[in-house]
Amino acid sequence: MNAVELTVNGREVHLQLDPRTSLLDALREHLHLTGTKKGCDHGQCGACTVIVEGRRINSCLTLAVMHDGDHVTTIEGIGTPEKLHPIQQAFITHDGYQCGYCTPGQICSAVAMLDEIAAGVPSHVTQDLDEVEFSDAELRERMSGNICRCAAYPNIIAAIRDAAGKGKA
Amino acid sequence: MKFDTPATANPIDRGRVVGIAHDRIEGAAKVTGTAPYAYERHDAAPNAAYGWIVGSAIGKGRIAAMDLRAAEAAPGVLGIVTHQNAGPLGKGDMNTAHLLGGPAIEHYDQAVALVIADTLENARDAARLLRIDYAPEQGRFDLAAERDKAAVPRAGFGGSADTSAGDFDSAFAQAAVKIDQSYTTPDQSHAMMEPHATIAAWNGDRLTLWTSNQMVAWGVSDMAKTLKIPKEKIRLVTPYVGGGFGGKLFLRADALLAALGARAVGRPVKVALARPQIPNNTTHRSATIQRIRIGADKDGVIDAIAHEVWSGDLPGGSPETAAQQTRLLYRGDHRRTAHRLATLDLPEANAMRAPGEAVGMLALEVAMDELAEACGVDPVELRIRNDVQYDPEAGPQRPFSSRKFVECLRQGAARFGWDKRQPEPGRRREGRWLLGMGMAAAFRNNLVVASGARVGVDAKGHVTVETDMTDIGTGSYTIIGQTAAEMLGVPLEAVTVRLGDSRFPVSSGSGGQFGGNSSTAGVYAACVALRAKLAEKAGFPADEVTFDDGLLRMGNQSQALGALAGPDGLWAEDKIEFGDLTKRYAQATFGAHFCEVAVDMDTAEVRIRRMGGAFAAGRILNPKSARSQVIGAMTMGAGAALMEELHVDTRFGFFVNHDMAEYLVPVHADIPDQDVLFVEELDDKSSPMKAKGVGELGICGAGAAVANAIYNATGIRLRDYPLTIDKLIAQAEGSALA
Numbered sequence: 009m010n011a012v013e014l015t016v017n018g019r020e021v022h023l024q025l026d027p028r029t030s031l032l033d034a035l036r037e038h039l040h041l042t043g044t045k046k047g048c049d050h051g052q053c054g055a056c057t058v059i060v061e062g063r064r065i066n067s068c069l070t071l072a073v074m075h076d077g078d079h080v081t082t083i084e085g086i087g088t089p090e091k092l093h094p095i096q097q098a099f100i101t102h103d104g105y106q107c108g109y110c111t112p113g114q115i116c117s118a119v120a121m122l123d124e125i126a127a128g129v130p131s132h133v134t135q136d137l138d139e140v141e142f143s144d145a146e147l148r149e150r151m152s153g154n155i156c157r158c159a160a161y162p163n164i165i166a167a168i169r170d171a172a173g174k175g176k177a
Numbered sequence: 035m036k037f038d039t040p041a042t043a044n045p046i047d048r049g050r051v052v053g054i055a056h057d058r059i060e061g062a063a064k065v066t067g068t069a070p071y072a073y074e075r076h077d078a079a080p081n082a083a084y085g086w087i088v089g090s091a092i093g094k095g096r097i098a099a100m101d102l103r104a105a106e107a108a109p110g111v112l113g114i115v116t117h118q119n120a121g122p123l124g125k126g127d128m129n130t131a132h133l134l135g136g137p138a139i140e141h142y143d144q145a146v147a148l149v150i151a152d153t154l155e156n157a158r159d160a161a162r163l164l165r166i167d168y169a170p171e172q173g174r175f176d177l178a179a180e181r182d183k184a185a186v187p188r189a190g191f192g193g194s195a196d197t198s199a200g201d202f203d204s205a206f207a208q209a210a211v212k213i214d215q216s217y218t219t220p221d222q223s224h225a226m227m228e229p230h231a232t233i234a235a236w237n238g239d240r241l242t243l244w245t246s247n248q249m250v251a252w253g254v255s256d257m258a259k260t261l262k263i264p265k266e267k268i269r270l271v272t273p274y275v276g277g278g279f280g281g282k283l284f285l286r287a288d289a290l291l292a293a294l295g296a297r298a299v300g301r302p303v304k305v306a307l308a309r310p311q312i313p314n315n316t317t318h319r320s321a322t323i324q325r326i327r328i329g330a331d332k333d334g335v336i337d338a339i340a341h342e343v344w345s346g347d348l349p350g351g352s353p354e355t356a357a358q359q360t361r362l363l364y365r366g367d368h369r370r371t372a373h374r375l376a377t378l379d380l381p382e383a384n385a386m387r388a389p390g391e392a393v394g395m396l397a398l399e400v401a402m403d404e405l406a407e408a409c410g411v412d413p414v415e416l417r418i419r420n421d422v423q424y425d426p427e428a429g430p431q432r433p434f435s436s437r438k439f440v441e442c443l444r445q446g447a448a449r450f451g452w453d454k455r456q457p458e459p460g461r462r463r464e465g466r467w468l469l470g471m472g473m474a475a476a477f478r479n480n481l482v483v484a485s486g487a488r489v490g491v492d493a494k495g496h497v498t499v500e501t502d503m504t505d506i507g508t509g510s511y512t513i514i515g516q517t518a519a520e521m522l523g524v525p526l527e528a529v530t531v532r533l534g535d536s537r538f539p540v541s542s543g544s545g546g547q548f549g550g551n552s553s554t555a556g557v558y559a560a561c562v563a564l565r566a567k568l569a570e571k572a573g574f575p576a577d578e579v580t581f582d583d584g585l586l587r588m589g590n591q592s593q594a595l596g597a598l599a600g601p602d603g604l605w606a607e608d609k610i611e612f613g614d615l616t617k618r619y620a621q622a623t624f625g626a627h628f629c630e631v632a633v634d635m636d637t638a639e640v641r642i643r644r645m646g647g648a649f650a651a652g653r654i655l656n657p658k659s660a661r662s663q664v665i666g667a668m669t670m671g672a673g674a675a676l677m678e679e680l681h682v683d684t685r686f687g688f689f690v691n692h693d694m695a696e697y698l699v700p701v702h703a704d705i706p707d708q709d710v711l712f713v714e715e716l717d718d719k720s721s722p723m724k725a726k727g728v729g730e731l732g733i734c735g736a737g738a739a740v741a742n743a744i745y746n747a748t749g750i751r752l753r754d755y756p757l758t759i760d761k762l763i764a765q766a767e768g769s770a771l772a
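If you're matching them up, the sequences are chains A and D in order.
Residue numbers for the first sequence, in my numbering: 9 to 177.
Residue numbers for the second sequence, in my numbering: 35 to 772.
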């Protein structure tokens, strides 16, 4: 067992963890933060996306012990039913989900992704590396690590646009 | 309530809540991660141990020996369940293969053991220490090779295996224009986002399952049958289902092994399938081989049509009924359909979204595109010419309950800009991209299933609905809430909907696109019963009252529902049962798909530019979630056209690409603009809701529209799905791609 200290959604937590425990299982099974989902456990689907030190990662692909001292934001830290984050409200308004299982990952991914565009981080579809434009093509490319088998894709893009204050395409 | 005569005017027609676009009432729970899925019930089973399933390493044969000693001695291991210690087990009515294999092995990755430990990590590592010796046997794993030995399957959900009318052979021989082509579709995987998962807990001889299942009553009865215990001893809870698409219709290994494991170690056990186990351990949609023959006059009017389908399944399994739509979609006096089922030792084939039509339409609607070209008739016009307002196998005495196919074709074409299509293939170019447009019909049968509910109102006038109906992303919570709100004259916010618990009345469940219409009709029936009780309490005749603004009114008198319900509240329960209206009338949903693609001239990469469609599915209960159902299904159809395929290892009998990295499904970047138009329709013969199913219609034909668009772009006609780059390049010579 290893001692691990994390700051999760602003709260400091101290855990004794098996070194084999993934960050995802630490959240779900030890901290009971079950909003972060396990879809594939192999970094293939994006359902487990959380924000670590400001960047989105697949929490299934990393061991909890590697994050000693890190700040982690999960869907529970984005907003609550009583106090929704604008992007959560936009997902409701635009029906950006169906079964809901990929949804927390989509939302965490979207929050960090918008920061990436704002910071000028380029993607595969970026035309001008000096100025990353805010476009549907950029959003689709950057969100493609988050699979939605119900396929609410156009609605998710509409929700992200709405929350980012960019209106319709 | 028996529904055996067409619906007349009823409170649903007011359309104050039903038919209006609503946000999902469970939306806040889903977007904040607070909706509890099966594996997450720390609240219900705080002391759960972890189970890890071990699957068979062979496709067919026997377990010769099992050595559990190393695994049993591993850290944290609490117990191991195998066929040797599980006790006598039955098999559920809906299962083809046994959920716990051994000593006989029926398919690859069939569960053969559950290792239970104090932590997930310990269970997973100990599972690798099992030593199992197998005696493999030669299995049958290749549909094409077994095709000639395929037999006539028994009649099932899709009706009888074979149908015919007129004299197909003579009529086809004499036809001016003939199409005779074969098509193939591969094995496909549901690939829902939430893996099958269950927490099981015993309290004495009572079993509770927190699980992820589309059909609560089937799950309970098949668990009872498998464990050989009374079904009254079992409670199944599944309020949130992280996708199903048919993959969670049945009791599966996660639930059975969690129950056996919890019994073995004397504490709750939680089990989730690992993602790479899902395609081989659970069910999939069978591959098909299809032959379609169409004989028409020179104007494209069909006189003869035949559709033959071969699929495969384990012994005792069922066919992929891919000729279903061909029985009802187009005219023609001389017709034949046939299904043949080969015995295969691959994992169990079973229902996946729109079983039958989803892959049948991939073939039929390409054949229709070929006929349109052969006759020189526009593909939309060809389908209009072949419209038929009655069941063409039965004749005019069996009309459609409602059929707005032509309206869908016309309105969909206008909205998409179909008139801008260049009929000759390979003529539109934009830089290195070849552009093409394609279209296809949409067709899916309308099934109805008995469904019950109970509805109560409390002293504050708040309404609660309870039914074992499930919401698998389909929007059941909201349409059920809308139905109760409309019937009782309260706002949607004044309704609480409780779903997915076997303590509630048995519903239709979710499958075959029957759930939305059937379950809301059951809620309608319960509300009619509650309205009568409330009217009786008020002393008003039940047929003279109206329900508005939380009040029961008669003339200028009114009473508040809450006051009538009193401190104990007032409840009523009923179910909808369907008579023979589905026999007297053909009932189906219709639509038209349109697609524009771009194909890279050099690499043959296909990119979908836009998809659009018009659909008629009776009353659309919640246009917001119905649209989502349709675009999601269109996307699954695009996946079927372009990428989805389980690759069979025909030597060892398993699906090789059994995870989400290698079984490709559409992602954000694959799906740009999608447009959906609902054509106005009320179907009074379908249910009191006058609605029909809509959850599967969108997949039926969507992939064929993509295929036809690729043909229009390139001039290459592919008939073996998925339509991948290698197949396009193999036929590039002489095409616009060259």
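Don't be surprised by glycine CBs; every beta carbon is placed ideally from N, CA and C.
Bear in mind that the values here come from a model prediction, so they are computed numbers and not experimental data.
Contact annotation: T42 (chain A) and R36 (chain A) have beta-carbon atoms nearer than 8 Å.
Every unbroken stretch of the alpha helix (DSSP H) spanning 4 or more residues and falling wholly within the stretch 522-608 of chain D is given here in chain order: 549-572 and 595-599. A contact between stretches requires three or more CB pairs, one per stretch, nearer than 8 Å, and the stretch 624-633 of chain D meets this requirement with the stretch 729-746 of chain D. In this structure D159 (chain D) touches A108 (chain D) by the C-beta definition: roughly 7 Å separates them, less than 8 Å. The contact set of F142 (chain A) on chain D, defined by CB atoms closer than 9 Å, is empty, because the minimum CB distance reaches about 15 Å. Burial state of Q172 (chain D) is exposed, judged by a 10 Å Cβ sphere holding fewer than 16 other Cβ atoms. Y109 (chain A) carries a coil assignment under DSSP once its states are collapsed to helix, strand and coil.
In summary, the residues of the stretch 74-87 of chain D whose CB is separated from some CB of chain A by less than 7 Å are E74 and H76, in the order they occur in the chain. For the stretch 627-715 of chain D, the full-length beta strand (DSSP E) segments reaching 3 residues or more read 640-650 and 707-712 along the chain. When rounded, the separation of the alpha-carbon atoms in D38 (chain D) and E611 (chain D) is 8 Å. Residues V88, S90, G135 and G136 of the same chain have their beta carbon placed closer than 6 Å to that of V146 (chain D), with the five preceding and five following residues left out of the count.
Boundaries cannot be given for Y755 (chain D), as no beta strand (DSSP E) includes it and DSSP labels it neither H nor E. Per the coordinates, the alpha-carbon of P89 (chain A) lies some 27 Å from the alpha-carbon of I665 (chain D). In the displayed model, E500 (chain D) falls within a strand according to three-state DSSP.
For I155 (chain A), the chain D residues whose Cβ falls inside 8 Å of its Cβ are M227, M694, V699 and V701, in order along the chain. For N163 (chain A), at least one C-beta of chain D is nearer than 8 Å to its own C-beta. Restricting attention to alpha helix (DSSP H) runs no shorter than 4 residues, the stretch 9-91 of chain A encloses them at 83-86, ordered along the chain. For the 8 Å CB-CB criterion, A83 (chain D) and R301 (chain D) form a contact. Rounded to whole angstroms, I168 (chain A) and E696 (chain D) show a C-alpha spacing of 28 Å. Across the stretch 658-688 of chain D, CB contacts with chain A closer than 7 Å involve K658, S659, S662, I665, G666, T669 and M670, in sequence order along the chain. Of all residues in the stretch 274-290 of chain D, only Y274, V275, G276 and G277 place a beta-carbon less than 7 Å from a beta-carbon of chain A. Assignment of E228 (chain D) by DSSP, reduced to helix, strand and coil, places it in the coil class. Contact note: R641 (chain D) does not reach chain A at a C-beta cutoff of 8 Å; the least C-beta distance is about 11 Å. Identification of chain A residues near Y71 (chain D) by a Cβ-Cβ cut-off of 7 Å yields Y109, ordered along the chain.
Between N551 (chain D) and A725 (chain D), the C-beta spacing is below 8 Å. If one requires a minimum length of 4 residues, the alpha helix (DSSP H) runs lying completely within the stretch 119-172 of chain A are 144-150 and 161-171, in chain order. Just measuring C-alpha positions, the residue of D:H341, D:S510 and D:G613 sitting nearest Q248 (chain D) is D:S510. For V65 (chain D), at least one C-beta of chain A is nearer than 8 Å to its own C-beta. When CB distances to chain A are screened at a threshold of 8 Å, not a single residue of the stretch 103-123 of chain D falls below it. At a beta-carbon threshold of 8 Å, none of the residues of chain A lie near I418 (chain D); the nearest stands roughly 29 Å away.
Of all residues in the stretch 139-160 of chain D, only T153, L154 and E155 come within less than 7 Å of chain A when Cβ atoms are compared, listed by chain position. Excluding five sequence positions before and after L363 (chain D), the CB atoms of its chain that fall closer than 6 Å to its own CB belong to F477, given in chain order. In the three-state DSSP reduction, Y217 (chain D) falls in the strand class (E or B). Given a length threshold of 3 residues, each whole run of the beta strand (DSSP E) inside the stretch 118-192 of chain D is given here in chain order: 145-151 and 165-170. From the beta-carbon of D49 (chain A), the residues of chain D found nearer than 7 Å are A308 and R309. Residue-level contact check: T29 (chain A) touches chain D, since one or more beta carbons of chain D fall below 8 Å from its beta carbon.
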